[in-house]
Structure formats: C-alpha cells, structure tokens
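Here the sequence shown is numbered in my numbering, starting from 30 and rising by one per residue.
All remarks here apply to the structure that follows.
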Amino acid sequence: MTAPVRFPRFFVTSPSPCPYLPGRNERKVFTELKGQNADELNDALSRIGFRRSQTVAYRPSCIDCTACVSVRVVSEAFKPSSTQKRIWKRNRDLVVNVCKPWSTPEQFELLQRYLAVRHPGGGMAAMDEMDFADMVEHTPVKSYVIEYREPTVDGSPGRLVGACLTDEQGDGLSMIYSFYDPQHETRAGLGTFIILDHIQRAARVGLPYVYLGYWVEGSERMQYKVRFRPMEKLGRDGWERFEPAEQAVAIERAVASLDERGGVESSVAGSLKDGVHGAQGRYAHT
30 MTAPVRFPRF FVTSPSPCPY LPGRNERKVF TELKGQNADE LNDALSRIGF
80 RRSQTVAYRP SCIDCTACVS VRVVSEAFKP SSTQKRIWKR NRDLVVNVCK
130 PWSTPEQFEL LQRYLAVRHP GGGMAAMDEM DFADMVEHTP VKSYVIEYRE
180 PTVDGSPGRL VGACLTDEQG DGLSMIYSFY DPQHETRAGL GTFIILDHIQ
230 RAARVGLPYV YLGYWVEGSE RMQYKVRFRP MEKLGRDGWE RFEPAEQAVA
280 IERAVASLDE RGGVESSVAG SLKDGVHGAQ GRYAHT
C-alpha cells in the first residue's frame, strides 16, 4: 500500500527591514525541507521562485513590493559577452574540484577574507567556523562545494581562490552561496568566472538552467546577475525570457553601477538573502 503524500506546511515570517531597498520591509513564506522527498520538494519549489537556506525553502512574500524577481540563465543558449570571454580566458587554468558538502578551515579562511573586503560589518561578519559548517553541511538535498584552485607544477592542491555551495536540481544548478579572493593580484572577475563555470557545467550534463536567486531592480549589488544572457525571469504567468532590449537596458545600468563603484565586482553572495549568521533562527513557526 502506497504511503499517503504529505503536503508541506507553509509559514510566514514577521516583517523586517529589507536588506536591499532602504526604507522597505520584507516578509517571507517558508517551509521545511526534510524526509526522503526533500529533493523533489526543493525542485518543485525552486520552479516557483523558492530558494534554499540550510533545511528551509523560502521566497519573498512582501505585502507592497515585488522587486525581488527570480532569475535563471539558459545554459545551452548562453552567449558570453566580450568582457565575460576575457574573464574566462584569464581564469580558465584554475583547477576545479567538486567536493562533498563538508566545510574546511581553508574555505572558512577564504570566506573571512572575502567578507572583510566586500561586506565589512554585514550580518555574516559575525560567523564563526561552526556557523559556516552549519551553512554548508546542513542540507537535505543533493549539494556540493565547488572549489577553484590555482594550478601547481607537481599537481598538488594549489591555493584556494574561490568556492561555491551549489545544489543540483532536476532542471539545473542552483548557486546558493559563493565567495572568492577579493584582492587577487592577477585574477580580476573571479565572481563572474564562478558563474560562467556553472553555466558550462550545467550545459555539459544537459541541465537547462543555472539559478542565480533574486534580481532586485534598484539594488546596486544585485545588478550583476542580469549580465548573463539569455536569461529567464519568473512572473505572474511563469518563467519567460527577458526581452533583448529590456535586458540590454538593465545591463547598461549594471555596467554604469559598476563604474560608479570604481570597477568593484558585485558578488553572488547576494543570491542568498538569508545566508547570514543566525538566519535559520528567523524561521520560527509563528
């Protein structure tokens, strides 16, 4: 006799200040990911705009704002820009390893350096090594850490310059959180390279999409996501392609924002809105 299907229970967080748009509040709807069907549930929820934070799947549910838009890159149709081609050529010698979701002191040290430069004083700055282990290892779905290392002459493990916590879903790769050496002398564009590698990786194994999380128009640090095309966004009628002209305008704004910051590259860290110290505790069943 087949066991009955148990539908997930959903909850809503209390309003709190939005981390991306000053003066606004955010609210989320969420559910737990657990049990033998966690992968299937995570896949289904991701297709309607949910993201994963450890053992929770969530999506924005703000009362008077719809600025957060789920976006994904179409991997097999992806066409890199001239800038993206240069970044790929500059970093393509990196040794890429797919590792089990198990945190290491080396990863944590890289994360600390990354946060100190890119997000000083942010919510994740207070993370200790145990918090980082929770972020990486508390996963009920198929996940791994992709490491990016510099090559060595003897083939031994080289210097770790980037890493990404990634979920493999039925229709694509979901980039949960990435970080990298923000002050590398010769490897500008590491954040972009990590996304490019995920796009190629997905295309090689026949996965049609790379999920980048939420694009928030009006938030400067989220504009980097729109620079990968073709891209789909989730609207009221489901997933649809960005119109070329619309995406071109959005890319122009993203480039202008980058220039205003003196060429400082935005990070994929913004793709996980709750990838912060103590975030899991926000999801209280109230």
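Positions of the beta carbon are idealized from the N, C-alpha and C atoms, including for glycine.
Asked                                                                                                               : Found
Alpha-carbon spacing of alanine 283 relative to valine 255, whole angstroms                                         : 8 Å
Short Cβ contact (9 Å threshold) for aspartate 253 with aspartate 210                                               : Going by the sequence as given, residue 253 is tyrosine instead of aspartate. Cβ atoms of tyrosine 253 and aspartate 210: not closer than 9 Å.
Every unbroken alpha helix (DSSP H) inside the region 147-217 [4 residues or more]                                  : 158-166
Start and end residues, beta strand (DSSP E) containing glycine 242                                                 : 238-245
Residue from Pro237, Gln136 and Thr133 whose Cα sits closest to the Cα of arginine 76                               : Pro237
DSSP bridge partner residues for threonine 60 (one or two, in chain order)                                          : Ala86
7 Å Cβ shell around arginine 230 - same chain, five flanking residues per side excluded                             : Leu202
Rounded C-alpha distance that separates leucine 70 from glycine 199                                                 : 11 Å
C-beta atoms of alanine 67 and valine 170 nearer than 9 Å                                                           : yes
Identity of the residues DSSP links to asparagine 126 by a beta bridge                                              : Glu176
Boundaries (first-last residue) of the alpha helix (DSSP H) holding arginine 101                                    : Unbroken run through arginine 101 is the beta strand (DSSP E), 97-103; no alpha helix (DSSP H).
Isoleucine 92, buried or exposed, once every other Cβ within 10 Å from all chains shown has been counted against 16 : exposed
Integer Cβ distance of tyrosine 177 from valine 125, believed to fall under 8 Å                                     : 6 Å
Neighbour-count burial assignment, aspartate 157, 16 or more Cβ in a 10 Å radius                                    : exposed
Rounded separation between glutamine 132 and phenylalanine 161 - CA only                                            : Sequence check: residue 132 is serine here, not glutamine. For serine 132 and phenylalanine 161, the distance between alpha carbons rounds to 7 Å.
Three-pair Cβ contact test at 8 Å for the region 48-67 versus the region 237-250                                    : yes
Threonine 95 versus Gly78, Ala106, Ser185 and Ser82, residue with shortest Cα-Cα distance                           : Gly78
Whole-angstrom distance between methionine 204 and tyrosine 243, CA atom to CA atom                                 : 11 Å
CB contact flag (valine 41, serine 110, <9 Å)                                                                       : no
Helix, strand or coil at asparagine 120 [DSSP, three-state]                                                         : helix
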